[in-house]
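In our numbering, the protein residues as written are 258 to 653.
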């Protein structure tokens, strides 16, 4: 079977798993599907093939997704992590490059976005807008024409189209136009139709501070805000994503959440955090809104609070030890190993430097691991970049 046909078959299985798992009727297990994807990837993604060979992992004997070596996110900026040729790319998402510069931006290539789109919409509707078929999208980001390589922008545009209303994009030529947001909020109030404001955490900071230059560091979250400028009708909500550390300062997430809620005249539970990254195809969300609406499973609702995220059934987040990359004990913090079935054409298992702790059916995001790249990740990078080329398949 050629690469495209095998990839298409795996994508179809993942999309079927997505639909079935949310309906509580999945006939194919996560681990079985994950291992099928990993075998396909190890034979076609050189970085993963070398890592599998260096670790001596027999993917045909493996029983669990956790046995598949995870590729550190840093590798996405050092090498192409893809099962297909660049000529087959339909989308190439890039990381922001704010830490190491534009030359070191990570890249995630997509041969098809169909699986990404289905997963994003299914889980977004479950966690962000389970009670609404239509919401007016107000996006604190550039329009797709100005940010074609942004996975976040792609997802926001996907939501905007799904929600039926014409989206308002408030960032133009790198500047946040607060007037656009104010006008859109006024229109929502006049019509009485609820809206959803989508943006990165620091886009909200700059909106609340009235700063047009999104690279500005002169932020003061303690000043008084006009309480009606951005107020929205009942049923409105906000989605924020990204870290709370800017170029030269850090923002208290609880303070920012409180200010977003006050500025938009919405409950704090309606300010929902999203967890995702360029290297993934799936997203996790805080469960505060879904719990308040009564659409979150009861056993999940007990852990639903700010900072606790819930991944879809096709995505696993496992805290692992930074040195050994093995799962930590219950209640212990570790760096997030993420298994994402929607990552069919890159790598299913991704190792991050995000510090997390399991919280029932969800995970608590604690921030970034302190210091340099964790030792285990460094070793994995070394194994992938320096090991001899290999198919990565150790037949049993």
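The C-beta atom is built at its ideal place from N, Cα and C for all residues, glycine as well.
Contact check, residue i vs residue j, beta carbons under 9 Å
i: residue 527; j: residue 558; result: no
i: residue 519; j: residue 456; result: no
i: residue 389; j: residue 303; result: no
i: residue 615; j: residue 587; result: yes
i: residue 495; j: residue 454; result: yes
i: residue 550; j: residue 521; result: no
i: residue 325; j: residue 332; result: no
i: residue 619; j: residue 567; result: yes
i: residue 373; j: residue 538; result: yes
i: residue 419; j: residue 449; result: no
i: residue 458; j: residue 508; result: yes
i: residue 403; j: residue 429; result: yes
i: residue 421; j: residue 391; result: yes
i: residue 338; j: residue 305; result: yes
Neighbourhood of residue i by C-beta, 6 Å cutoff - its chain only, sequence neighbours within 5 removed
i: residue 629; result: Residue confidence is low: residue 629 scores 42 on pLDDT, short of 50, so the model does not pin down where it sits. Its coordinate-derived value is still stated next. Cβ neighbours of residue 629 beyond the five flanking positions: none.
i: residue 483; result: Any reading at residue 483 must be qualified, since the residue scores a pLDDT of 49, below 50, and its modelled position is unreliable; the value itself is stated next. The answer is none, since no qualifying residue turns up.
i: residue 384; result: 542, 547
i: residue 434; result: 427
i: residue 471; result: With a pLDDT of only 38 at residue 471, under 50, the local geometry of the prediction cannot be trusted, and no value is derived from it.
i: residue 584; result: 575, 577
i: residue 251; result: This structure does not reach residue 251, given that the chain is present from 258 up to 653, and the question cannot be answered.
i: residue 351; result: 362, 364, 406
i: residue 345; result: 368
i: residue 565; result: 616, 619, 621
i: residue 468; result: Residue confidence for residue 468 is low, a pLDDT of 46 falling below 50, so the modelled location carries little weight; the figure read from the coordinates is stated next. Around residue 468: no qualifying Cβ.
i: residue 476; result: Because residue 476 sits at a pLDDT of 47, beneath the cut-off of 50, its placement in the model cannot be relied upon, and the following sentence gives the value as read from the coordinates. Closer than 6 Å at Cβ, skipping near neighbours: 462, 466.
i: residue 292; result: 319
Endpoints, the alpha helix (DSSP H) within which residue i is located
i: residue 414; result: 408–419
i: residue 530; result: Segment 528–532 is the beta strand (DSSP E) holding residue 530; no alpha helix (DSSP H) there.
i: residue 710; result: Because the chain in this structure spans residues 258 to 653, residue 710 falls outside the shown range and cannot be described.
i: residue 308; result: 303–312
i: residue 374; result: 371–384
i: residue 541; result: Taken as a continuous stretch (DSSP letters only), residue 541 belongs to no alpha helix (DSSP H), being part of the beta strand (DSSP E) at 541–543.
i: residue 462; result: 458–466
i: residue 555; result: 555–558
For residue i, the first and last residue of its enclosing beta strand (DSSP E)
i: residue 365; result: 364–367
i: residue 393; result: 393–397
i: residue 497; result: 494–498
i: residue 572; result: 572–577
i: residue 565; result: 565–567
i: residue 350; result: 348–351
Bridge-paired residues (DSSP) for residue i
i: residue 614; result: 590, 621
i: residue 453; result: 394, 494
i: residue 433; result: 428
i: residue 595; result: 574, 607
i: residue 536; result: Its beta-bridge partners do not exist; DSSP assigns none.
i: residue 271; result: Looking at the DSSP assignment, residue 271 forms no beta bridge with any residue, so it has no partner.
i: residue 329; result: 608
i: residue 584; result: 577
Proximity winner among the options, relative to residue i (alpha-carbon distances)
i: residue 569; options: 318, 586, 376, 521; result: 376
i: residue 581; options: 437, 563, 450, 327; result: 327
i: residue 431; options: 460, 439, 413, 438; result: 460
i: residue 393; options: 516, 401, 416; result: 416
i: residue 297; options: 374, 316, 335; result: 316
i: residue 624; options: 593, 279, 538, 378; result: 593
i: residue 514; options: 466, 556, 563; result: 563
i: residue 660; options: 379, 532, 516; result: The shown model of the chain, from 258 to 653, leaves out residue 660, and the question about it has no answer.
i: residue 443; options: 425, 591, 273; result: 425
i: residue 288; options: 596, 617, 621; result: 596
i: residue 423; options: 400, 408, 404; result: 400
i: residue 322; options: 573, 589, 590; result: 573
i: residue 408; options: 509, 278, 540; result: 540
Cβ neighbours of residue i in the same chain (closer than 7 Å, five flanking residues each side left out)
i: residue 294; result: 267, 598, 601, 605
i: residue 553; result: 544, 547, 561
i: residue 347; result: 367, 368, 369, 370
i: residue 301; result: 260, 340
i: residue 413; result: 396, 398, 455
i: residue 274; result: 283, 285, 290, 571, 598
i: residue 276; result: none
i: residue 481; result: Any answer about residue 481 is weak, because its pLDDT of 47 lies below 50 and its placement is not dependable; what the coordinates show is given next. Closer than 7 Å at the Cβ level, and outside the excluded window around residue 481, lies no residue.
i: residue 349; result: 364, 366, 406
i: residue 437; result: 425, 427
i: residue 378; result: 415, 419
Residues of its chain near residue i, where Cβ-Cβ distance is below 8 Å and the 5 sequence neighbours each way are ignored
i: residue 330; result: 363, 534, 536, 607, 608, 609, 610
i: residue 651; result: Note that residue 651 has pLDDT 34, beneath the 50 cutoff, so the model's placement of it is unreliable and no number is given.
i: residue 439; result: 486, 487
i: residue 511; result: 563
i: residue 626; result: 579, 592, 610, 611, 612
i: residue 590; result: 576, 612, 613, 614, 623
Contact test: residue i Cβ vs the ligand ADP heavy atom, cutoff 8 Å
i: residue 619; result: Within the structure as shown, the ligand ADP is missing, as the structure has no ligands at all.
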